[in-house]
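Okay, structure first, notes after.
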Amino acid sequence: MTHDGGLQRGSFPARYRRADGVLWRDTGRHVVLLPRGEDRVPLVLGGGTAELWRLLDSRPTMTEIVAAFEPDPRVEVADEVECALHELVNHGVVEGDE
Numbered sequence: 005m006t007h008d009g010g011l012q013r014g015s016f017p018a019r020y021r022r023a024d025g026v027l028w029r030d031t032g033r034h035v036v037l038l039p040r041g042e043d044r045v046p047l048v049l050g051g052g053t054a055e056l057w058r059l060l061d062s063r064p065t066m067t068e069i070v071a072a073f074e075p076d077p078r079v080e081v082a083d084e085v086e087c088a089l090h091e092l093v094n095h096g097v098v099e100g101d102e
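Residue numbers (my numbering): 5 to 102.
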C-alpha cells in the first residue's frame with residue numbers, strides 16, 4: 005500500500021473487500037458506485053470490472069479473483085485484474101486487508 009492508502013502495482017494484500025461507506029447499485033449489466041468523500045464522483049463499472057466488484061462479496065484473494073476470470077489456463081488475465089484492482093483501490097471503493 006502507498007502512504008495514502010492506494011495500491012502499488014505488483015503488491016497484493018491478502019484479501020480484497022468493498023470499502024466501507026461506498027454506496028452502490030447493481031443493475032445487472034453495470035454497477036454504479038458512489039465513493040466516500042465530499043468530492044466523490046460516481047463510477048460506472050461494466051464488463052469484467054463489474055464482475056470483479058461482484059466477486060468482492062466473498063473477500064477474495066488475488067489468486068481467487070484471477071482464477072474466476074481465467075478458467076482456461078492458456079489465457080492470462082492477471083495483468084488486467086491487477087490494473088482493475090489498482091484503479092478501484094485508488095478511487096477508494098476497494099480496500100485490501102493484510
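Just so you know, even glycine gets a beta-carbon here, dropped at the ideal spot from N, CA and C.
Worksheet item: When you compare only the Cα positions, how much space is there between Asn94 and Glu68?
Response: Looking up residue 94 in the sequence shown gives position 90. Looking up residue 68 in the sequence shown gives position 64. When rounded, the distance between both Cα atoms is 21 Å.
Fill in: Alpha carbon of Leu49 to alpha carbon of Pro17, nearest angstrom
Position 45 of the sequence shown, counted from the first residue, corresponds to residue 49. Position 13 of the sequence shown, counted from the first residue, corresponds to residue 17. Cα-Cα distance, rounded: 22 Å.
Worksheet item: Are there 16 or more other CB atoms within 10 angstroms of the CB of Glu42, so buried, or fewer, so exposed?
Response: As a first step, residue 42 must be located in the sequence shown, where it is residue number 38. Exposed.
Item to complete: In angstroms with no decimal places, state the Cα-to-Cα distance between Arg63 and Arg19.
Response: In the sequence shown, residue 63 corresponds to position 59, counting from 1. In the sequence shown, residue 19 corresponds to position 15, counting from 1. Roughly 6 Å separates the two Cα atoms.
Item to complete: Could you have a look at Gly52 and say whether DSSP puts it in helix, strand or coil?
Response: What you label residue 52 is simply residue 48 of the sequence shown in a count that begins at 1. DSSP places Gly52 in helix when its eight states are reduced to three.
Fill in: Buried versus exposed, by CB contacts within 10 Å (16 or more), Glu99
Taking the first residue of the sequence shown as 1, we reach residue 99 at position 95. Classification of Glu99: buried, given that the 10 Å Cβ count is 16 or more.
Item to complete: Measuring alpha carbon to alpha carbon, tell me which of Leu47, Pro75, Asp101, Asp24 ends up nearest Ala88.
Response: Within the sequence shown, numbered from 1, the residue matching residue 88 stands at position 84. The shortest Cα separation from Ala88 among Leu47, Pro75, Asp101, Asp24 belongs to Leu47.
Fill in: First and last residue of the uninterrupted alpha helix (DSSP H) at Leu92
Reading the sequence shown from its first residue, position 88 is the one you call residue 92. Unbroken alpha helix (DSSP H) run through Leu92: 82-94.
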